[in-house]
Every structure is written in C-alpha cells, then in structure tokens.
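A quick write-up on the structure given underneath.
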C-alpha cells in the first residue's frame, strides 16, 4: 500500500485497489500506516471523474460484500452532494437513473444499512432536481410501491417520503433552503388528495405537475397501515416493521398536512387502531403521531369535529382508560417501555 494515495490506473485496477484498501482498513492485521494510506486512497477516489461509475458498478453487483457496496454507495453520495451543480444534464440524468436502478433492485437479504443508504441517495437527488428536471418522481415512487409482495420496497418508499418531509419542513439543509418553494409545494401536492387540494387552494396558481394519481400519499399510507394492522403484527417482524415505519411517516406529516386531508384519509381512526394493538413499538409510534397531530394550534370548528371529537367517543375513551391503567408502573420494578409510553401518553393527553 505504499502508493495507496495515488488513483492512477485503469478501471479494473482501481476496482482491485478499492478492494485492497477496504480489506486493509477492516483487517485486524493491518498497521496504522496501512490503514491511513488506504483511507486516503478511498477518499481520493471520490474526487475522480469516474467515481460515480465505479460506485454504481460495485453497488449494483450483489456478489460484492456489503462493505464494498456500502463504500460504493458513498461514491455516488459524494458525487451527488459535492458535484451535482457541475454535471451536465446528461450526467445528472445518468446519476438519477443509477439511483433508481439501485433502489428497484433492493432485496430482503440486503443489510438494512445498505437499504437505508440507497434510499438516502434518492432523497439527495430529489432535493436537487425534483420539480424541475425530475418531474415523474411521484410516478416512480408509486410504481416501486406497487411491486408485488415486497415489504422492502414499501419501506424504501416510506423512508424517502418521511425523509423528504422532515428535511423540507423541519431541516436546515442549504440545498433544500435554496429550493424550499418548489419542494414544499411538491410535498403538499403529492401527499394531499387532489380534490382536497383544489378545495383548500381554489385560487392556487398552476405549477409544475409533480403528482401522479388523484389519491395522494396520505391516503395510501393510512390504507397500508390498516392492512398491516390486519396482519400478525406480534409475530411477523416484517409486518410490524412496516406498521411502525408507516406511523413514523404519519408523525412527520401531522404537523403540516392539510387537516381535511388528514380527516379524509381516516388517519385518526387507523392511528387509534394502532394504539390498541398489543405491540408496544406500534403503540408508541402511534402515540407519537397522535401527539404530533394534537400539538397543532388553532383547529377550526370543522377540523375539531373531524379530528379531535372522535377521541371523545365511548370507544376511544375506553381505549385510553385501558392504556392508562396498563402503563402504570411499579416504583419497585419500573418497566421502561411502560414508563416511556405513560410519559408520552400524559403529554398527548394534556
């Protein structure tokens, strides 16, 4: 590794040296100098013009180890974050297509950190070109969402939507700040049912057409959560994970989604159903989402009837009473799950 910092060589040679460098970093037999040289080489690779190509080549090859694929994804991430403005339309389009291909090819046996980093690439691309050069993102998300029997792709879409919502409405990313108008408008557009959007903003000026279909993601996610709750959430890890991730997305949406859209999508009833499940992780996620909704100020009379009043019907009150009794903890033997649930329950009820 004496020449590890150099990135000279053909494609096959560079790929080989990437493997050697990663092996040096992760081997317990490597010296500190060898690790340092290897790390410098891997960082320098990110700066060469061919870095995105090497990244896609390695990341898309399922025979590569997860360590290699994760590093390969970091090459693409660096290209998107650091060099996007310098790329031609053709180059940025190619990066976008590579990202979509990697997302489509994810599988259940891919490690979670590979799936998460791949989904983050989608978000990074969207922040930079959705609503301008990239107009069919919503359609791409829906097509991936509709892939049959693939919880992995459902979770990918939920991750992308949640992260976009968080970064657009709560984040401090400089790229998002520069495109905040386009991105926030796009989020409102794709999450809200078309007829509710038209009713809420009758004089809304025409903008780029970014939505695909009239339903909107708020309704799709609420329906999907209901399907998860009809499954075996206690014993099926995948069903439980999808339910929690759906609720986490709803938690992100509740502070800013149009109240009537929340009502039309039946979010409150399905979140209450989640609250009634015997699984603590789902209960806590549901409580967080409900708390986010009821922390909003200034519901008007109709919104209060649609969103708050249902919590005062006999069924809801009985559920809340049972949850309050269940969450009581023994001071001599504190159950951490019950304690945290009870704490959040008190905040949500205040």
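Residue numbers (the UniProt record's numbering): 1 to 350. Built from N, CA and C at the ideal position, the CB exists for glycine as well. Just so it is clear, the structure is predicted and the values come from calculations on it, not from any experiment.
Cβ neighbours of residue i in the same chain (closer than 7 angstroms, five flanking residues each side left out)
i, result
"residue 228", "239, 242, 243, 246"
"residue 69", "58, 59, 114"
"residue 215", "193"
"residue 4", "Bear in mind that the predicted position of residue 4 carries a pLDDT of just 36, short of 50, making it too unreliable to give a figure here."
"residue 160", "119, 122, 123, 141"
Assumed close pair residue i, residue j - CB separation to whole angstroms, cut-off 8 angstroms
i, j, result
"residue 25", "residue 38", "5 angstroms"
"residue 103", "residue 119", "7 angstroms"
"residue 259", "residue 299", "7 angstroms"
"residue 344", "residue 291", "6 angstroms"
DSSP-derived helix/strand/coil call for residue i
i, result
"residue 134", "strand"
"residue 296", "coil"
"residue 256", "coil"
"residue 319", "helix"
"residue 108", "coil"
"residue 276", "coil"
"residue 2", "Note that residue 2 scores a pLDDT of 32, beneath 50, so its modelled location is shaky; the value from the coordinates is reported in the next line. Three-state result, residue 2: coil."
"residue 29", "coil"
"residue 62", "coil"
"residue 269", "helix"
"residue 327", "coil"
"residue 193", "coil"
"residue 46", "coil"
"residue 91", "helix"
"residue 220", "helix"
"residue 200", "helix"
"residue 230", "helix"
"residue 206", "coil"
"residue 212", "coil"
Contact check, residue i vs residue j, beta carbons under 8 angstroms
i, j, result
"residue 135", "residue 52", "no"
"residue 74", "residue 84", "no"
"residue 287", "residue 341", "yes"
"residue 279", "residue 237", "no"
"residue 149", "residue 190", "no"
"residue 261", "residue 294", "no"
"residue 80", "residue 125", "yes"
"residue 267", "residue 316", "no"
"residue 89", "residue 133", "yes"
"residue 19", "residue 46", "no"
"residue 187", "residue 218", "no"
"residue 112", "residue 76", "no"
"residue 175", "residue 127", "yes"
"residue 156", "residue 106", "yes"
"residue 263", "residue 319", "no"
Own chain partners of residue i with C-beta closer than 6 angstroms, once the 5 adjacent residues on each side are dropped
i, result
"residue 72", "55, 58, 59"
"residue 226", "270"
"residue 166", "252"
"residue 10", "none"
"residue 6", "Per-residue confidence for residue 6 stands at a pLDDT of 49, beneath the threshold of 50, marking its modelled position as unreliable; the derived number appears in the next sentence. Nothing listed; no residue qualifies."
"residue 265", "218, 219, 222"
Nonlocal neighbours in the same chain, by C-beta distance under 8 angstroms from residue i, ignoring five residues either side
i, result
"residue 162", "245, 248, 249, 252"
"residue 184", "168, 169"
"residue 158", "221, 242, 245, 246, 248, 249"
"residue 224", "154, 242, 246"
"residue 67", "22, 26"
"residue 285", "243, 244, 247, 248, 251, 274"
"residue 140", "100"
"residue 310", "268, 269, 272, 316"
Minimum Cβ-Cβ distance from residue i to chain B less than 8 angstroms
i, result
"residue 165", "Among the chains of the structure shown, chain B does not appear; only one protein chain is present."
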